[in-house]
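What follows is one structure encoded as structure tokens, with my remarks underneath.
Residue numbers (our numbering): 4 to 881.
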């Protein structure tokens, strides 16, 4: 920062005697821009509230970025034109007065809340997040800490939303310096500044595209200043381009000023309703496209301030929301965390109203009592003192409050276990997790999107196992943990409240230690300890199954704790001793023998193949510290071990009444894998499909060239009769897939799609497939194909064929006609009519259907099964 003074320039102003001509003076207060802010902040709040009809509400942040870039650039260029200089000191002080007081107030409030209500094990994390927020580097902290912006469950940081403020502040810090350099370099050449800013924006867009990997969490490109700076640059570029056209209502062409605002408004709202936070296209230029649409909106309301959109956004209630939008954004996320179902007895609409009402109230008070007085210079009598107090007093005060508020936190009994009470999901079947912090790590990592019919409740307690928490180390007794008393009573209360279908009892981390029992030191490998621990498991069984829940008990795996976690005790050596885990597992096995309805899950063979700890699966770390599950690792354990065991256990309790066999391509394969067993426990779904093979093993032709076909496709198709004889299903489901939308190579001859020959080929293959079932007296349900919209940036011939709904409809007509030829035993489910009667719809009844425009995601599959299962039952009983 330079403080040199030129003639005519005030102290602290960086000047240039050769200011480029044509940069106009910015206008005064424009209420329509506050209306744009209102759209942005409301969309973000609704997204964080979890409303399904605003899946892209997070894009409000992108609108903020564009608007901030535009306004800051306009103000700086106006100042440059007027003075031939930029007062950097004054600029930074104005930014501090505008932003820091309200942020400091939020930090103080969160610190107070943490001292009263936060889990003690979260204190260190909250302290670090608060500090990084005050220093405006929280986006990089969250990145380095591996904190995902897209985690919907667990215990998120109350400062997580400050990542966007950090990016803006970093922009405020460096952009004026960049602009000064570019303006000096330009020397009257008007193309230099916009070209440079455009190049920076393009570089950022390209970097985001290259760094994005759809197979991993996108938080790196979402949080990164480098990958998001193009959004602010788009706003800055708009400011530069419009600076030479002041006044805008004369400088911008009439046709553009009349259409920009409506197109921008509609485009912004559509994007918020259409995209979701995992949409790959966003990271491949989509964010930039949304920002360009937002820039159109800003351009439109600036160039046509009396147009219909500008008048709408200037309405007092709308503009007022924008006026307090900074406070709304700052306060809403901490309020949502504090008013979570874990802390208040509210849910649904009542919870949403409470959160919004409290947020608006606090933001209003913050604006009128703190933000506006400071910003408007209400304390002008001491301007110098005010400017200094913001930095000299406000920041240290917030830091002091943060340190004091989180000082009462104690480290968790085990390292890296920042898990607290949790409730995940909105399904109609429930799992209650009880145990210690390992169970809690499983609770927060439950992959609810993979199991939409299930929800998880957490009644774990950090540091408290099943055995009384009074440990002994080589004859030296520890300190009894009074917090662990009444463990069974707490679990019983949780069972009564939750009424779970399944209780997961996670034990072992503490049971492997020697204990003080009845005043005596008892070794974990002794017979007396086995007798004691067996009684504790029996008591847990009586408590946890009292209301009919199924009890699931994972065995104790090997541990690989890297460092001591108890002061003065090398507990890692004890916990990692495999003989101790074996002794506890023997007790668990004996317990299961006494209670045959208990479902045991062998975690050891998966986590410790050959007796050695497994660190990773497919590049995913299973246990961060060798003990607790990572978020992604826990999700793998749920998918690979726990949910299959739960499904099998429930199936054993409720005998299968019927089996349905799916035959087709990768779409029915995905439906089979995503069958919500918990919703239909008396139906077993199997598939005879093969990934990469179309419904009928005939080569497809594109532009006259046959596509390679895996030889296994023919083998698979030929093996279907043997599969039918082996499984003997009660119902068969026959699908037609995307492969049947291509031209086909039959006996060396190309049969073009849309011809009668192609229709006849498809009809013959359908009859052959249906007859495989009917010859065995098995009823058949044929399923029409829904619409497709696969994402292909290059628009290849394949994607055009797959997405062509006229082809889909033609094949569905053939399928329906063939089914009608059978007098009995064959019925039709018109999935096309159910999901896309008027064309492709990514969302039906509030459910986003697809993971890629073709294959159903978990929620979509659940919706499809709600359509298919009644048809299966009708076919079975007819």
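Just so you know, even glycine gets a beta-carbon here, dropped at the ideal spot from N, CA and C.
- Nearest neighbour of residue 52 by Cα position, chosen from 303, 359, 63 and 241, turns out to be 359.
- Counting other Cβ atoms within 10 Å of its Cβ, residue 77 reaches 16 or more and is therefore classed as buried.
- Taking a contact as a CB-CB distance under 8 Å, the pair residue 592 and residue 515 does not count as one, their CB atoms being some 15 Å apart.
- Listed as beta-bridge partners of residue 747 by DSSP are 703 and 754.
- Judged by DSSP secondary structure, residue 434 falls outside any alpha helix (DSSP H) and instead within the beta strand (DSSP E) spanning 432-438.
- Closest by C-alpha distance to residue 818, out of 804, 740, 855 and 843, is 740.
- Here the alpha carbon of residue 667 sits roughly 4 Å from the alpha carbon of residue 698.
- Annotated three-state conformation of residue 457 is strand, per DSSP.
- Between residue 267 and residue 299, the C-beta gap is smaller than 8 Å, which places the two residues in contact.
- As for any alpha helix (DSSP H) of minimum length 4 sitting wholly inside the stretch 47-127, the runs are 63-86 and 91-120, ordered along the chain.
- Shown here for residue 717: same chain residues with a beta carbon closer than 7 Å to its own, the five before and five after excluded, namely 700 in chain order.
- Inclusion of residue 828 and residue 786 in the CB contact set at 8 Å is not warranted, their separation being larger than that value.
- Fewer than three beta-carbon pairs drawn from the stretch 840-847 and the stretch 766-775 are found closer than 8 Å, and the two stretches are therefore not classed as touching.
- Less than 8 Å separates the beta-carbon of residue 517 from that of residue 525.
- A distance below 6 Å between beta-carbons, with the five flanking residues on each side excluded, links residue 635 to the following residues of its chain, in chain order: 623.
- Here DSSP, grouped into helix, strand and coil, assigns residue 607 to helix.
- For residue 518, the enclosing beta strand (DSSP E) has its first and last residue at 517-520.
- In the three-state DSSP reduction, residue 362 falls in the helix class (H, G or I).
- Per DSSP, reduced to three states, the secondary structure at residue 718 is helical.
- Note on the stretch 813-879: whole alpha helix (DSSP H) runs with a minimum of 4 residues are 834-838, in chain order.
- Scanning its chain for C-beta atoms nearer than 8 Å, with the 5 sequence neighbours on each side dropped, one finds around residue 835 the residues 787, 788, 789, 790, 811, 812 and 815, in chain order.
- Rounded to whole angstroms, the Cβ separation of residue 306 and residue 260 is 4 Å, and the two are in contact under 8 Å.
- Judged by DSSP in its simplified three-state form, residue 145 adopts helix.
- Taken through DSSP and simplified to helix, strand or coil, residue 488 comes out as coil.
- For the pair of segments examined, the stretch 129-137 was found not to touch the stretch 190-208: the number of CB pairs separated by less than 8 Å stays below three.
- In this structure, the straight-line span from the alpha carbon of residue 207 to that of residue 144 is close to 20 Å.
- For a cut-off of 8 Å, the C-beta gap from residue 161 to residue 113 is around 5 Å, short enough to register as a contact.
- Note on residue 61: 16 or more other CB atoms within 10 angstroms of its CB, so buried under the neighbour-count rule.
- Excluding five sequence positions before and after residue 862, the CB atoms of its chain that fall closer than 8 Å to its own CB belong to 452, 455, 850, 851 and 852, given in chain order.
- Taking C-beta separations shorter than 6 Å and ignoring five residues to either side along the sequence, the partners of residue 709 in its chain run 702 and 748, following chain order.
- Here the alpha carbon of residue 857 sits roughly 7 Å from the alpha carbon of residue 670.
- With fewer than 16 other beta carbons inside 10 angstroms of its own, residue 273 counts as exposed.
- According to the DSSP assignment, residue 524 belongs to the beta strand (DSSP E) that extends over 523-525.
- Counting along the chain, residue 337 sits inside the alpha helix (DSSP H) bounded by residues 328-341.
- For residue 179, there is no enclosing beta strand (DSSP E); the residue is part of the alpha helix (DSSP H) that begins and ends at 166-189.
- In the structure shown, residue 667 adopts extended strand secondary structure according to DSSP, grouped into three states.
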